[in-house]
């Protein structure tokens, strides 16, 4: 199974994952312009790494994972997600959806389209989420 993940991740990286990973990292760099944006930027780099190699990784709510509420999973996280959605989230989601449609044209591209859709959903509300490895 690990070999198959590696093959899919390499194909993903070559066929569009590189572009979307760079888009996430660009959003992260733009977030680092202000002090308030630093937590957003850090999240962009973590999710950007997932955008480079998505097979074998998934996103999960931190509250569900740890059982504890933190700053990102409470009311401030909701406000942060609204700000994120308006500034970057919608654009990253559109990018992932466009890539998903392009991948879904062929049967071979369907797993890649599903990964793009997973990342599109994550790009809408990333605050309070964490990236975990699948078993």
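Numbering (the UniProt record's numbering), first residue to last: 1 to 135. Glycine included, each C-beta is placed from N, C-alpha and C at the ideal position.
At the C-beta level, residue 59 and residue 92 stay beyond 8 Å of one another. Within 10 angstroms of the beta-carbon of residue 112 lie 16 or more other beta-carbons, which makes it buried.
Residue 125 carries a coil assignment under DSSP once its states are collapsed to helix, strand and coil. By the Cβ neighbour-count rule, residue 62 is buried, with 16 or more other Cβ atoms within 10 Å of its own. When the Cα atoms are used, residue 96 and residue 18 turn out to be separated by approximately 12 Å. Under the three-pair Cβ rule at 8 Å, the segment 115-130 counts as touching the segment 74-84. In the DSSP assignment, residue 20 falls within the alpha helix (DSSP H) that extends over 18-31.
Fully enclosed alpha helix (DSSP H) runs of no fewer than 4 residues occupy 62-66, 75-84, 90-103 of the segment 62-114, in order along the chain. In this model, residue 109 and residue 47 are separated by some 22 Å (Cα to Cα). For residue 60, the secondary structure class from DSSP, reduced to helix, strand or coil, is strand. Where residue 12 is concerned, the enclosing alpha helix (DSSP H) starts and stops at 2-12. Here residue 54 is near residue 119, since their CB atoms are less than 8 Å apart.
Taking 8 Å as the cut-off, the Cβ atoms of residue 88 and residue 27 count as close.
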